[in-house]
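Student:
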Amino acid sequence: MEPIMIDETRLLDATPLLDFRSEGIARLIEDRGWLRLPEHDRIGATYDFVRDEILFGYNRADDIPASEVLADGYGQCNTKGTLLMALLRALGVPCRLHGFTIHKALQRGVVPEAVYPIAPDEILHSWVEVQTDGRWVELEGFILDKAFLGSLQQAFAGTESFCGYGVGTDCLSAPPVEWAGRDTYIQKTGIARDFGTYDTPDLFYIEHRQQFGPLRDLIYRGIVRHWMNARVRAIRSGQVPRIPRLKRLGPLGKEVADTVNRRAPKEA
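Going by my numbering, the first residue of the sequence shown is number 2, and it counts up by one from there.
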């Protein structure tokens with residue numbers, strides 16, 4: 002967390018991606034009564050909504066507007082982050098995006114083994130930084146909904162350092178994902194490169210895009226993401242697919258990899 006030394010007005014603007022004046026987002030805010038809450042609770046209410054009511058899943062692209070993420074009802078780090086930023090700005094809470102890449106090992110188990118070898122080595126990632134109480138707070142723990150994370154915690158009970166299935170943490174049993182006015186994280190240990198902060202996701206995606214290539218991008222949008230979403234739903238319901246012939250899972254050792262294979266059903 003760093004001291005605030007910035008013109009916050011530009012961190013409240015709407016943009017094509019942060020389209021918080023759209024009908025769906027405006028109606029949601031009105032129906033929930035979030036504007037009547039004090040700032041700390043406004044942040045917490047929107048954070049919990051994006052974490053648990055917008056389920057973890059893969060949209061058609063990273064650079065889609067917040068209103069589309071809301072309509073989809075699911076998202077991943079980048080798309081859920083766009084929705085969270087739009088809601089925060091609509092509620093008068095300044096925020097910005099911090100861009101990264103993560104090692105693809107963090108997505109293993111969600112990415113089907115058949116296509117994992119051709120997945121990019123690094124995957125575009127971001128979290129949201131919110132300005133509150135005179136400081137910046139880093140928010141990443143909204144990515145995985147409670148049901149999805151809880152299923153992994155149950156499947157790998159007794160494991161703490163964990164990198165896979167969309168998780169990157171040193172404390173799987175109790176990762177810092179609850180809003181309490183402090184930083185929250187759930188994929189931080191999988192970070193590869195740091196691109197710094199951006200006022201808006203629009204600016205971030207002008208400079209950085211997932212390096213699929215035209216053919217892989219077409220295959221991802223039309224086939225692979227739907228396959229991944231089916232695996233996410235299976236994990237959420239307690240059916241955790243195994244990772245076969247795994248020697249290491251990111252920073253995890255063989256003992257944990259063996260636990261993955263022993264407790265999880267065969268590859269789906």
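Using N, Cα and C, we set each Cβ at its ideal position, and we do this for glycine too.
So who's on the other strand from L71, going by DSSP bridges?
Tutor: L71 is not bridged to any residue.
Student: Are the beta-carbon atoms of E123 and K189 separated by less than 8 Å?
Tutor: no
Student: Helix, strand or coil, according to DSSP, for K248 in the structure here?
Tutor: Here the model assigns K248 a pLDDT of 41, short of 50, so the residue's position is not dependable and the matter cannot be decided.
Student: In this structure, does DSSP put F163 in helix, strand or coil?
Tutor: strand
Student: Please state whether DSSP places S23 in a helix, a strand or coil.
Tutor: coil
Student: Can we say the stretch 37 to 51 touches the stretch 228 to 235, given the rule of at least three CB pairs closer than 8 Å?
Tutor: Contact between the stretch 37 to 51 and the stretch 228 to 235 is absent: fewer than three C-beta pairs spanning the two stretches fall below 8 Å.
Student: What is the DSSP secondary structure of C172, reduced to helix, strand or coil?
Tutor: coil
Student: Just list the alpha helix (DSSP H) runs in the stretch 177 to 231, keeping only unbroken ones of 4 residues or longer that don't cross its boundaries, in chain order.
Tutor: Here the runs fully enclosed are 202 to 208, 215 to 220.
Student: Suppose you measure from the CA of L150 to the CA of A87; what does that come to, to the nearest Å?
Tutor: 24 Å
Student: Short of 6 Å in beta carbon distance, which residues of its chain neighbour Q211, apart from the five on each side in sequence? Order them along the chain.
Tutor: L125
Student: Quick test of your reading: Q1 and P177, contact by CB under 8 Å. State the CB separation rounded to the nearest angstrom.
Tutor: In the structure displayed, the chain extends from 2 to 269; residue 1 sits before or after that span and is not available.
Student: Quick one: residues in its chain with C-beta nearer than 7 Å to the C-beta of V111, no 5 flanking neighbours on either side, listed in chain order?
Tutor: Y166, G167, M229, R232, V233
Student: Assign H227 to buried or exposed, taking buried as 16 or more other Cβ atoms, counted over all protein chains shown, within 10 Å of its Cβ.
Tutor: exposed
Student: Is the beta carbon of L71 less than 8 Å from the beta carbon of G191?
Tutor: no
Student: Comparing the CB of R97 with every heavy atom of the ligand FAD, is any distance shorter than 7 Å?
Tutor: Here there are no bound small molecules, and the ligand FAD is not part of this structure.
Student: According to DSSP, which residues form a beta bridge with W128?
Tutor: H99
Student: Would the beta-carbon of Y199 fall within 8 Å of that of L98?
Tutor: yes
Student: Looking only at C-alpha atoms, which of Q240, I26, F21, F143 sits nearest to D53?
Tutor: F143
Student: Could you give the distance in angstroms between the alpha-carbon of F101 and the alpha-carbon of H209?
Tutor: 10 Å
Student: Tell me the residue span of the beta strand (DSSP E) that contains E1.
Tutor: Outside the shown range of the chain, which is 2 to 269, sits residue 1, and nothing can be said about it.
Student: Give the straight-line distance between the Cα atoms of P242 and Y117, rounded to the nearest whole angstrom.
Tutor: 14 Å
Student: Using C-beta distances below 8 Å, list every residue in its chain close to L12, excluding the 5 sequence neighbours before and after it, in chain order.
Tutor: Taking L12 as the centre and dropping the five residues before and after it, the same chain places the C-beta of R90, P95, C96, R97, Q132, D200 closer than 8 Å to its C-beta, in chain order.
Student: Hey, how far is the Cα of T80 from the Cα of L56?
Tutor: 11 Å
Student: Determine the direct distance from the alpha carbon of A120 to that of G34, and round the result to whole angstroms.
Tutor: 42 Å
Student: Using the beta-carbon count (16 or more within 10 Å), is C172 buried or exposed?
Tutor: Only exposed fits C172, as fewer than 16 other CB atoms lie within 10 angstroms of its CB.
Student: Could you tell me the alpha carbon to alpha carbon distance between A181 and G135, rounded to whole angstroms?
Tutor: 15 Å
Student: Apart from the five residues on each side of it in sequence, which residues of its chain come closer than 7 Å, Cβ to Cβ, to G74?
Tutor: Hits under 7 Å: I55, L56.
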